[in-house]
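A.B. asks: Numbering (this note's numbering), first residue to last: 42 to 407.
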Amino acid sequence: MFTDSVELTVSSGKGGQGCVAFRREKFVLNGGPNGGDGGKGGDIWFKCDNNTHTLSHFQRKMHIKADNGKPGEGSNCTGKSGAKKVIIVPPGTQIVDVDSGEVLFDMLKDGQVEKFLQGGKGGLGNTHFKSPTNQRPTYAQPGEKGETRAIKLDLKLIADVGLVGFPNVGKSTLISTVSNARPEIANYEFTTLTPKLGQVNIGDFESFVMADIPGIIGGAHEGKGLGIKFLRHIERTKTLLYMIDLASYRDLKEQIEVLKNEIASFSDKLADSKYAIALTRVDIVPKEDIQKLVGEFLELLGLEPSSTNEFNFDADMPFFVQESADETLGYDKTKPYLVAPISSVVSKNIEPLKYALFNLVQSDRK
42 MFTDSVELTV SSGKGGQGCV AFRREKFVLN GGPNGGDGGK GGDIWFKCDN NTHTLSHFQR
102 KMHIKADNGK PGEGSNCTGK SGAKKVIIVP PGTQIVDVDS GEVLFDMLKD GQVEKFLQGG
162 KGGLGNTHFK SPTNQRPTYA QPGEKGETRA IKLDLKLIAD VGLVGFPNVG KSTLISTVSN
222 ARPEIANYEF TTLTPKLGQV NIGDFESFVM ADIPGIIGGA HEGKGLGIKF LRHIERTKTL
282 LYMIDLASYR DLKEQIEVLK NEIASFSDKL ADSKYAIALT RVDIVPKEDI QKLVGEFLEL
342 LGLEPSSTNE FNFDADMPFF VQESADETLG YDKTKPYLVA PISSVVSKNI EPLKYALFNL
402 VQSDRK
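1. Alpha carbon to alpha carbon, how far is Lys121 from Leu194? Give it in angstroms, no decimals.
2. Is the beta carbon of Gly72 closer than 8 Å to that of Gly187?
3. Could you have a look at Ala261 and say whether DSSP puts it in helix, strand or coil?
4. Quick one: what does DSSP say Gly336 is sitting in, helix, strand or coil?
5. If you compare alpha carbons, which of Ile199, Tyr283, Thr168, Leu341 is closest to Lys212?
6. So, with DSSP's three-state summary, where would you put Leu410?
7. Under 8 Å between C-beta atoms, does Leu339 make it to chain B?
8. Looking only at its own chain, which residues have a Cβ that is under 7 Å from the Cβ of His262, when we skip the five neighbours before and after it?
9. Quick check: the Cα distance between Tyr229 and Leu339, rounded to an integer number of angstroms?
10. So Phe135 packs on Asp147, CB below 8 Å; how close in whole Å?
11. Restricting to Cα atoms, I'd like to know which of Pro74, Glu155, Phe87 is closest to Asn175.
12. By a C-beta neighbour count over all protein chains shown, 10 Å radius and 16 as the cutoff for buried, is Ile254 buried or exposed?
13. Taking Gly57 as the reference, give the member of Met358, Asp108, Phe99, Asn209 with the closest Cα.
14. For Ser116 and Lys162, what's the separation of their Cα atoms in angstroms?
15. Pull up the distance between the alpha-carbon of Leu238 and that of Ser404, whole angstroms please.
16. How many Å lie between Thr95 and Lys102 at the Cα?
17. For Glu114, collect the residues of the same chain with a Cβ closer than 6 Å to its Cβ; drop the 5 residues on either side in sequence, then sort them by chain order.
18. Would you give the residue range spanned by the alpha helix (DSSP H) that Lys310 belongs to?
19. Shortest alpha-carbon distance to Ser385 belongs to which of Val144, Thr321, Gly343, Glu337?
20. Report buried or exposed for His104, applying the criterion of at least 16 other Cβ atoms within 10 angstroms of its Cβ.
21. Roughly how many whole angstroms lie between the Cα atoms of Gly244 and Thr218?
In structure tokens:
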């Protein structure tokens, strides 16, 4: 089960009780107090782990507690400290305070650890309270209470490129073709019910991560469909790939306008992302219709078809690619970096698309 949001109560451990004890030993007169201190309560830590991909393991854990410290003992023996509790979360998890809504930690990198709650101090034993005027103290400190916080864990997947499109537009087919992701693929809408990540390899030493989310429909920001619920998972991406279906009953203009409107309604930051457009399912559209549809779409966007490019898109079909993904060299962020007809089923323009997206991703990594 994929779970991307849970609410928890977490508590650090209570400190152990200090001990009241007196030295009782043959030939030792007036041995005096020797009660040891209580042990420290356990801390609460968070750790980011790449081997965890969902928050589903928290579903039945509504209250997570660290161990309490053990009481002190005689002979000035300090009680054992409570074991710390390490909470494992997947990369991209935000720890949010339920009451204030403040993001306390953003767990992004594998191995990242953050101390969240301090365990209570152990109480002092009665040996600390002896004095010339009080040589037989009969009291010790109780341990300090631990801290308790109500938190929410929000998972936002980390990807370089986010796929955005209507249901059944070919997003799952594309990510399964170019990456190691294996989502369910079927010829009906909302096949994708949960976000999927895939690593797209470019040669032996370079790669980028692509995220597929459930399809978006008009009115999604008002709660219709599934896509808006999962848009948080592409909120961190700096590059969006809008997938427009050439064979859909929906007009191409309608598709891009609805998708952009839903993205803007969800997040101004996401709407300002760099983007590219893939026109899908060219394998089932007659070639002359492709020429007409793509040409009209480029004209609608105010773009002229490109004649040459470094990525080797099929020259028999109209396409558009900006000359450089580096803004300092003239990349215009207000326009799509590329508009290209593709087919994941017959691998039409898939390799050029991979390299063009990688070029765009690289501009953010520099």
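For glycine and all other residues, C-beta sits at the position ideal for the given N, C-alpha and C.
C.D. replies: For this structure:
1. 31 Å
2. no
3. Any answer about Ala261 is weak, because its pLDDT of 47 lies below 50 and its placement is not dependable; what the coordinates show is given next. Of the three classes helix, strand and coil, the one that applies to Ala261 here is helix, per DSSP.
4. helix
5. Tyr283
6. Residue 410 is absent from the structure shown; the chain starts at 42 and stops at 407.
7. Within the model displayed, chain B is absent; a lone protein chain is all it includes.
8. At His262 the pLDDT is 48, less than 50, meaning the model places this residue with poor confidence; the figure from the coordinates comes in the next sentence. Excluding positions up to five away in sequence, the list reads Ile269, Glu303, Ser306, Phe307.
9. Any reading at Tyr229 must be qualified, since the residue scores a pLDDT of 47, below 50, and its modelled position is unreliable; the value itself is stated next. Looking at the two C-alpha atoms, the distance is approximately 29 Å.
10. What sits at residue 135 in the sequence shown is Gln, not Phe. Rounded, the Cβ-Cβ distance is 5 Å, consistent with contact.
11. Pro74
12. buried
13. Asp108
14. 20 Å
15. 21 Å
16. 14 Å
17. Cys60, Gly77
18. 309-312
19. Thr321
20. exposed
21. 15 Å
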